[in-house]
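Using this note's numbering, read the sequence shown as starting at 14 and increasing by one per residue.
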Amino acid sequence: MKKTTDKAHATSRGTVNHRTGSKRSSQAEPGHAGRAELRTHGQRQNQIKTSGTIGKRDPKQLTPEARQALRKKLLAARRKTSGNKKKHGREKLYDDSGVLQTNTALGNVVKLFLGFAKLLKWAVTGINGRNPTAGPGESDKKYANESQAEPEHKIGKLQFFVAGSILAAGILAGWALIEMAPAAVKQPVIQRTPLIEVVQVNQVARRIPVFSRGTVQPKTQINLIAEVEGKATYVSVNLKNGGVFKEGELLLQIDASRYELEVTKAQSAVASAELFLEKATATAKVARRGAKRNASAYALHIPQLNEAKAKLAAAKADLQVAQLQLANTQLKAPFTGRVKVSDINVGQYINAGALVADIYALDMAIIRLPVSNKQLKLIDLPWFYSDSIAPAPSPDHDLDNSDETRSDAAENNSLRQNLPQLKVSGFFGGSKYTWQGKIEYAEGGLDENQIMYLVGEIGRPYQRSLQDPERPPLEPGLFVEAEIQGRHFDAVYEVPRQALHGGNKVWTVDEKNRLHAKQVNVVYRGPEMIYVDRGLSDGEQIVITALDYVVNGMEVRIGEEAGGTLEEGRQSSQSFSLH
Numbered sequence: 014m015k016k017t018t019d020k021a022h023a024t025s026r027g028t029v030n031h032r033t034g035s036k037r038s039s040q041a042e043p044g045h046a047g048r049a050e051l052r053t054h055g056q057r058q059n060q061i062k063t064s065g066t067i068g069k070r071d072p073k074q075l076t077p078e079a080r081q082a083l084r085k086k087l088l089a090a091r092r093k094t095s096g097n098k099k100k101h102g103r104e105k106l107y108d109d110s111g112v113l114q115t116n117t118a119l120g121n122v123v124k125l126f127l128g129f130a131k132l133l134k135w136a137v138t139g140i141n142g143r144n145p146t147a148g149p150g151e152s153d154k155k156y157a158n159e160s161q162a163e164p165e166h167k168i169g170k171l172q173f174f175v176a177g178s179i180l181a182a183g184i185l186a187g188w189a190l191i192e193m194a195p196a197a198v199k200q201p202v203i204q205r206t207p208l209i210e211v212v213q214v215n216q217v218a219r220r221i222p223v224f225s226r227g228t229v230q231p232k233t234q235i236n237l238i239a240e241v242e243g244k245a246t247y248v249s250v251n252l253k254n255g256g257v258f259k260e261g262e263l264l265l266q267i268d269a270s271r272y273e274l275e276v277t278k279a280q281s282a283v284a285s286a287e288l289f290l291e292k293a294t295a296t297a298k299v300a301r302r303g304a305k306r307n308a309s310a311y312a313l314h315i316p317q318l319n320e321a322k323a324k325l326a327a328a329k330a331d332l333q334v335a336q337l338q339l340a341n342t343q344l345k346a347p348f349t350g351r352v353k354v355s356d357i358n359v360g361q362y363i364n365a366g367a368l369v370a371d372i373y374a375l376d377m378a379i380i381r382l383p384v385s386n387k388q389l390k391l392i393d394l395p396w397f398y399s400d401s402i403a404p405a406p407s408p409d410h411d412l413d414n415s416d417e418t419r420s421d422a423a424e425n426n427s428l429r430q431n432l433p434q435l436k437v438s439g440f441f442g443g444s445k446y447t448w449q450g451k452i453e454y455a456e457g458g459l460d461e462n463q464i465m466y467l468v469g470e471i472g473r474p475y476q477r478s479l480q481d482p483e484r485p486p487l488e489p490g491l492f493v494e495a496e497i498q499g500r501h502f503d504a505v506y507e508v509p510r511q512a513l514h515g516g517n518k519v520w521t522v523d524e525k526n527r528l529h530a531k532q533v534n535v536v537y538r539g540p541e542m543i544y545v546d547r548g549l550s551d552g553e554q555i556v557i558t559a560l561d562y563v564v565n566g567m568e569v570r571i572g573e574e575a576g577g578t579l580e581e582g583r584q585s586s587q588s589f590s591l592h
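This is the structure in structure tokens:
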């Protein structure tokens, strides 16, 4: 590389200055169009670096065509690295033809820096002793002669002067941009008053409903068990899952031939025992006639007579057992009901004690409803005390004609009339239906969670409703929501549940449309409404809109659709009550 460079620029060489690392050339040959240059080793390395990485050659050694191609490549690289396209939100510096754009703020800044760079370049050229008006020979000679004697420390001062000038120019340009920037436009602060909805409350006299949930169950449900063993000779078509049957209907017949023979056998034993008793009776009569006055009981055949009587009684008992087993070969429905589970077929052998079917009655459905200890005070339950307990009538008691029975029936009817009313609702096939009933009794005691179960009864759950022909039967297993009739309150406020905050606080609006917090005493919290007995006044407007930020005295606007009555608020909450 050194050899090629020397041939291109000079015809002779001088000696190397080992202190500065520069080379001094002699007088140029006559007729040579170039000029001799004095370069330091560091300047030569910088020239090699700035000449590009392509070939590591000095641009002055290239032909005009090669210089033009190198210039185009450098220009393309400058476009790529200087932001020809917008990156990270920056503006274009150059257009598609490579011309600097001056119609943008960033272009103006670059143009300003380029102007400073040109000025500094001119200044540096003047400092180095170059006179643009002098001829080529004179300038080169003067530059060569002065460069030979120029100290190295002057080059360092020049570099320091250039760097300081560029830094001062940058600070000046930044200050100019800040000062010339347009002033920020201040937007006026708009005060927004929240728009709310309210309901007006007034004291009312009503029963507070208590809400609970539960699952429908049949009141009577039993397992139908085979009492004798044998092969099934007949199975009713209704003895299947979901089958419906009437009371007394034959559901299953077991082979009875074996038990018929047992009955015949028992009948023969009874006949033999009767004959034996007759003989013993006759013998005893003869013995009594011929016996002496002090004859023993054995002599009078009294033990033999008692034995014959015992044998006859045993034979008759065996006959009754045989007849009972014969009757048990037929399984009949104990009530009108429905089959829940059954898996019996004709020809199947059934053991004694085997499960034939799981059946339940259709006359009554019950629902176990959990009620908390706090809710119990709102329900008028017919509590029973030890001094009011009466014994149940015995099975052989005449229930139809006794005065005690009639008195108990009248008392029972009076208690049933005072039982809390019950309304249950459930979804069936996507539609909601309701059924009416009563709370019959409360199960004994509270559990570990202070919950007592009230048992509600729904009569004739499978009866068709005349008011709602589309209503389906109240099937067991249906999950329902229950509304229990509560105690009667003379003065209570009914407020939508969304108006309550923090357990016992509501927000009211005064005549100046300003908010005020009020503490209330909540009697009961329903699913949609709460009931308050203290803390409110008639005609007050309660806020039912959820606000993100609220303080006492804050001004609000009441919407046109708001300001409704309590009935409208109740309808919007979709609550329901007993009729």
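Glycine included, every Cβ here is placed at the ideal spot set by N, Cα and C. From a predicted model like this one, the values you see are computed outputs, not experimental measurements.
Going by beta carbons, Leu375 and Gly227 fall outside the 8 Å limit.
Note on geometry: alpha-carbon atoms of Asn431 and Arg500 lie some 12 Å from one another.
In chain order, Gly366, Ala367, Leu368, Val369 place their CB closer than 8 Å to the CB of Ile238, counting only its own chain and leaving out the 5 sequence neighbours on each side. When secondary structure is reduced to three states using DSSP, Ile557 falls in the coil class, being assigned neither helix nor strand.
Rounded to whole angstroms, Ala321 and Leu274 show a C-alpha spacing of 24 Å. Segment contact: the stretch 508-516 against the stretch 445-456, fewer than three CB-CB distances shorter than 8 Å; contact not assigned. Counting along the chain, the unbroken alpha helix (DSSP H) around Asp331 starts and ends at 315-340. Ala293 counts as buried, since at least 16 other C-beta atoms from the protein chains shown sit within 10 angstroms of its C-beta. Ile392 is a Cβ neighbour of Val223, given a cutoff of 8 Å. Exclusion of the five residues before and after Ala286 leaves Lys324, Leu325, Ala328 as the residues of its chain whose Cβ lies within less than 6 Å of its Cβ. Taking C-beta atoms as the reference points, Pro489 and Met542 fail to come closer than 8 Å. Contact annotation, Lys345 with Leu264: C-beta distance approximately 7 Å; criterion of less than 8 Å satisfied.
In the structure shown, Leu435 falls within a strand segment according to DSSP collapsed to helix, strand and coil. In the structure shown, Ser385 adopts extended strand secondary structure according to DSSP, grouped into three states. DSSP, read as helix, strand or coil, puts Val522 in strand.
With 16 or more neighbouring CB atoms inside 10 Å of its own CB, Leu318 falls in the buried class. The Cβ atoms of Ala297 and Ile315 lie closer than 8 Å to each other. A straight-line Cα-Cα distance of about 16 Å links Val437 and Gln476. Rounded to the nearest angstrom, the gap between the Cα atoms of Asp371 and Gly350 is 10 Å. Sequence-distant Cβ neighbours of Val276 in its own chain, meaning closer than 6 Å and more than five residues away, are Ala335, Gln336, Leu339. By the neighbour-count criterion, in which a residue is buried when 16 or more other Cβ atoms sit within 10 angstroms of its Cβ, Ile380 is buried.
In this structure, the beta-carbon distance from Val250 to Ile357 does not fall below 8 Å. By the criterion of a C-beta distance shorter than 7 Å, Glu568 is surrounded in its chain by Thr206, Asn526, Arg527, once the five residues flanking it on both sides are discounted. Excluding five sequence positions before and after Gly552, the CB atoms of its chain that fall closer than 7 Å to its own CB belong to Gln213, Asn215, given in chain order.
Per DSSP, reduced to three states, the secondary structure at Pro347 is coil, with no helix or strand assignment. Counting only the Cα atoms, Tyr466 lies some 15 Å from Lys232.
The alpha-carbon of Leu479 is positioned some 33 Å away from that of Asn236. The Cβ atoms of Gly457 and Tyr446 lie no closer than 8 Å to each other.
Taking a C-beta distance under 8 Å as the contact criterion, Leu252 and Val283 do not qualify as a contact pair. The stretch 434-506 contains, as complete beta strand (DSSP E) runs of 3+ residues, the segments 434-441, 444-455, 464-472, 492-497 (chain order).
Taking a C-beta distance under 8 Å as the contact criterion, Lys244 and Gly360 qualify as a contact pair.
Our two residues, Pro474 and Arg484, have alpha carbons roughly 11 Å apart in a direct line. Beta bridge pairing from DSSP links Gln361 with no other residue. Val229 sits close to Ala378, with the two beta carbons spaced by under 8 Å.
If you draw a 10 Å sphere on the C-beta of Thr76, you find fewer than 16 other C-beta atoms in it, and that means exposed.
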